[in-house]
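Chemist: Sequence order for the protein chains is W and R.
With my numbering, letter number 151 in the first sequence gets 172, and the count goes up by one each step, no holes.
With my numbering, letter number 79 in the second sequence gets 140, and the count goes up by one each step, no holes.
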Amino acid sequence: MADIKAPELTGRIEVPAVSEGASAEIRPHVAGEAHMTKIGFPGKLVDDWQERAIEKMRDLLSKYRSLQVFLDICVQCGSCTDKCHYFLGTGDPKNMPVARQELLRSVYRRYFTPGGKYVPGWVGARDLTEDVLKEWFVYFHQCSQCRRCSVFCPYGIDTAEISMAAREIMDSIGMGQKYSNEIIGKVQTIGNNLGIPDRALADTLETLEEEAKESTNVDVKLPLNVKGADVLLVTPSADFFSEPHVEGLVGYAKVFHQAGISWTLSSYASEAANFGLFIGNYDNMRKIAQRIRKAAIDLGVKRIVIGECGHAWRVAYSFLNTLAGPWDFLDSRYPVPQHVCEVTYDLINRGALKLDPTANDQYTVTFHDSCNVARASRMGDQPGGQFEIPRGIVKAVAKKFVEMDPGTTRDRTFCCGGGGGLLTDELLDLRVKGAMPRMQALKRVMDSDGVNYMASICAICKAQFTKIMPYYKVPRETIGGVHQLVSNAIVLGGKE
Amino acid sequence: MNPISWFFVGLAYFAGAVFALGFGWKLWSWLRTPNPLIIPTTPAPTTTGGAAARVAGEVLFFKSLFRGNRWTWFFGYLMHLSIAVALMRHAVVPLGVPVGGSDLDFTALGPAASDLIRPFWDATFRLGPLFPIAVIGLLARRAWVERTRYISYAADYAILLLLLGIGGSGVLMKYVWEPDVDAVHHFVFGLNPGHPFAPAPLGDPLFLFHFTLVMTLMMVFPFSKLLHVGGIFFSPTRSQPDNPREVRHVTPWASQ
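1) Using 8 Å as the limit for Cβ to Cβ distance, is Phe340(W) near chain R?
2) Among the residues of its own chain, which have a CB less than 7 Å from the CB of Lys65(W), if the five just before and after it don't count?
3) Is there at least one Cβ from chain W nearer than 8 Å to Tyr74(R)'s Cβ?
4) At the 8 Å Cβ level, is Gly217(R) part of the contact set with chain W, yes or no?
5) Applying the criterion that 16 or more other CB atoms from any shown protein chain within 10 Å of the CB defines a buried residue, is Gly137(W) buried or exposed?
6) Which residue wins for smallest C-alpha separation from His106(W), given the options Val472(W), Cys437(W), Lys494(W) and Phe486(W)?
7) So what's Val415(W) in DSSP terms, helix, strand or just coil?
8) Is Thr107(R) close to chain W? Criterion is C-beta to C-beta, closer than 8 Å.
9) Which of helix, strand or coil does DSSP assign to Thr107(R)?
10) Based on the DSSP secondary-structure assignment, which residues constitute the bridge partners of Ile194(R)?
11) From Leu267(R), Gly110(R), Pro64(R) and Ile99(R), pick the residue whose C-alpha is nearest to that of Thr312(R); which is it?
12) Let me check one thing: in DSSP terms, what residues is Gln505(W) bridge-paired to?
13) Check whether chain W comes within 8 Å of Thr133(R), counting only Cβ atoms and requiring the distance to be less than that.
14) Tell me the DSSP secondary structure of Phe388(W) in three-state form.
15) Would you please state the rounded distance, in angstroms, between the beta carbons of Thr405(W) and Pro101(R)? I believe it to be under 8 Å.
16) Identify which residue in Arg202(R), Ile197(R), Ala169(R) and Ala152(R) has its Cα closest to the Cα of Leu225(R).
17) Going along chain W, which residues have a C-beta under 8 Å from His151(R)?
18) Could you tell me the distance, in whole angstroms, from the CA atom of Val247(W) to the CA atom of Ser288(W)?
19) Who are Leu376(W)'s beta bridge partners in DSSP?
20) Per the DSSP calculation, Thr277(R) is bridged to which residue(s)?
21) Just to confirm, are Ser100(W) and Pro37(W) a CB contact at a threshold of 8 Å?
22) Is the Cβ-Cβ distance between Tyr214(R) and Val144(W) less than 8 Å?
23) Run down chain R in chain order and give the residues with a C-beta less than 7 Å from the C-beta of Ser521(W).
24) Closer than 9 Å between beta carbons: that is the criterion. Which residues of the region 190 to 204 of chain R meet it against chain W?
25) From Trp70(W) to Gly197(W), what distance separates their C-alpha atoms?
26) Measuring only between beta-carbons, confirm whether Tyr214(R) sits less than 8 Å from chain W.
27) Helix, strand or coil: which one does DSSP assign to His360(W)?
28) Entirely within the region 265 to 344 of chain W and at least 4 residues each: give me those alpha helix (DSSP H) ranges in chain order.
29) Please tell me whether Ala52(W) has its Cβ less than 8 Å away from any Cβ of chain R.
30) From Ile190(W) to Val79(R), what does the alpha carbon distance come to, in whole angstroms?
31) Could you tell me which chain R residues have their CB closer than 9 Å to the CB of Trp143(W), listed as they occur along the chain?
32) What residues of chain R sit near Ala397(W), judged by a beta carbon separation below 9 Å?
33) Determine the chain R residues that contact Thr343(W) at a beta-carbon separation under 9 Å, and present them in chain order.
34) Could I get the ranges of all uninterrupted beta strand (DSSP E) runs contained in the region 230 to 316 of chain R, with 3 residues as the minimum, in chain order?
35) Determine the extent of the alpha helix (DSSP H) in which Ser90(R) is found, giving its start and end residues.
36) Closest by CA to Val276(W), which one among Asp219(W), Asp240(W), Glu264(W) and Val466(W)?
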């Protein structure tokens, strides 16, 4: 890993020259038999993989209008070519969104369109050969499904949909990705991605309670499996163990404590993340989402609140109603589900929290919009609430707030470089390079405004930046959660 | 009617059938395929009306492309605008107005409307040359920029060259070698079902060239990227309203 070098930080994002094959050697581990069969896929590459892959493609084309339309209508206009952080970071032309799509589209043309059948050379149609399959495995695991390309596409073609379909096809013939599939197996047997058993989770929460008591002198609780609580909090399991995530978890607990909301975590649904999304597999995504439903029913809660996690919020906000609804047994006065930022923001606006922003005076804060929150969800009643609500919280709890270049925020935000199931060590080189655009924008406000805290509401962003910032010689403590700031600023105890 | 005239009549009917059946089949194929999940690129309008307005913004102004790349937007918009104008001017031929003429009578719409429309209509008369210019701009960009050159196939250039041939021959007919307009009208009207077939204007090779390329474009349409014309209305990332918490979205295959 010593040979991984980060691009130089200049504060500028420059479009690189095309460099064929620049990232062709970066690929994730292939999932072994145990991880594959556990979640319903063949253990290894099946003998008739070619026919089965085409059959799977046919099946997906009949199930997803998005896939069919997106494969049919791209005009190769090039608007997306300089928008992907992995292209900007590596210069590999197959990381240009349209070229990535072409890896699948060329095969689609060959087997499903007259042009591809009769004049393949003219229209860019290819047989599904072993080389093509290998290329799929490499480049469809160099897409973090962040949807930035979709923003700039005249037809809204979303490469995330294409890469999900490609991963689904590869899983169906026995060529899956170890990282995502292993995690999906864990969440389905243990209840969370990290594989934390009930007992260890309970111990962790107890320790956190003790630490909170020590530092604040207040009995802030982190309840687990409490029947009859009002709120079920489902949060990424990284919040239980990882730094800086855990600071955010304490922040949620303080908010609930101070607002007098009865709440609980569930050990059965101790994971908000849903990697079923990343591999494009509806059944696995649905099974994971159904755990939240079961936990809500078993615990008899009235509301569901989701912690800081980007893709989890996409699955929760956009899909939970479809995957695990209807939610008619919950309190209809609240949206289902709610983001913890929506809860906190609402409490702040109602004056229900006492905040001391001077507690964050050591920080000059900027906000990194996480891709799935920014481009695949909403908060509050209005479109764009996903931008305003977290910023509203940050501004209420910290006095110094600075925006990064508007070309890199809100719906034009850049992925952290570790989303979409790529947060694994063997892809570290790619992750470091993919973080380049965000790091350049950050560098600029670090230099111009002294920014030393980049707030994010995503467990993957937090883990990714913690890991890659040192390669850019930026202190890893620069990344943190929004509720970590809330945790610092919230004044516990009686209201004045 | 000589055999060559029958060839052009046959070509027109064949191209029309390929276009209608091919495009119709595609539209049907998209229509019958469900969207199991709500996937608009956000921020997105929360109502169906808002989503329709968003699609209209893409169709009428290419809003996303404008954000993505100004040069492509400029040449692309110019090209589509001039195609729209050309189609409009061709469409009034049945009203007795020659393609290049400007003597359309708007007085039936009332004097106010007529005064308003008149200058715009007359202006479109002079927009023809913009079409080949726009296509050349797109061709140059495709070949010039390293990234777009990398993603381009022969088919991408071929379609632009086809459009250039159509636009170029159209402009030439208007400004340089004007065909026998009466003979052309006669032939084109004869293609309408219910009218007697008329001979092709064989003395106007430029017209026959123009006509043949248009027929080719129609035949290529259902099997090429030209499908974006219909597909944009079916793209879920633009056409779906953002309301998944408010409305439960269920499709049959995904709810078992």
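For glycine and all other residues, C-beta sits at the position ideal for the given N, C-alpha and C.
Modeler: Let's see:
1) yes
2) Glu54 and Gly195
3) no
4) First, the residue type needs correcting, since residue 217(R) is Asp and not Gly in the sequence shown. Yes, Asp217(R) lies at the interface with chain W (some Cβ there is under 8 Å from its Cβ).
5) buried
6) Residue Cys437(W) is the option with its Cα nearest to His106(W).
7) helix
8) yes
9) coil
10) DSSP, once it has assigned bridges, lists no residue as partnering Ile194(R).
11) Ile99(R)
12) DSSP output for Gln505(W) lists no bridge partner at all.
13) yes
14) strand
15) Here residue 405(W) turns out to be Gly, not Thr, going by the sequence shown. Actually they are not in contact, since the Cβ atoms of Gly405(W) and Pro101(R) sit about 13 Å apart, beyond 8 Å.
16) For the residues Arg202(R), Ile197(R), Ala169(R) and Ala152(R), the minimum Cα distance to Leu225(R) belongs to Ile197(R).
17) Within 8 Å Cβ-Cβ: nothing; His151(R) doesn't reach chain W, min ~23 Å.
18) Computed Cα separation, rounded: 10 Å.
19) Ile511(W)
20) Thr277(R) is not bridged to any residue.
21) no
22) yes
23) Beyond the ends of chain W as shown, which are 22 and 517, falls residue 521(W); an answer cannot be given.
24) Leu199, Arg202 and Arg203
25) 13 Å
26) Yes - at least one Cβ of chain W is within 8 Å of the one on Tyr214(R).
27) strand
28) Listed in chain order, the alpha helix (DSSP H) elements of length 4 or more contained wholly in the region 265 to 344 of chain W are 266 to 280, 303 to 320 and 331 to 335.
29) no
30) 32 Å
31) Tyr214, Ala215, Ala216 and Ala219
32) Ile100, Pro101, Thr102 and Thr103
33) Pro97, Leu98, Ile99, Pro305, Arg309, His310, Val311, Thr312, Ala315 and Ser316
34) none
35) Pro64 to Arg93 is the extent of the alpha helix (DSSP H) around Ser90(R).
36) Asp240(W)
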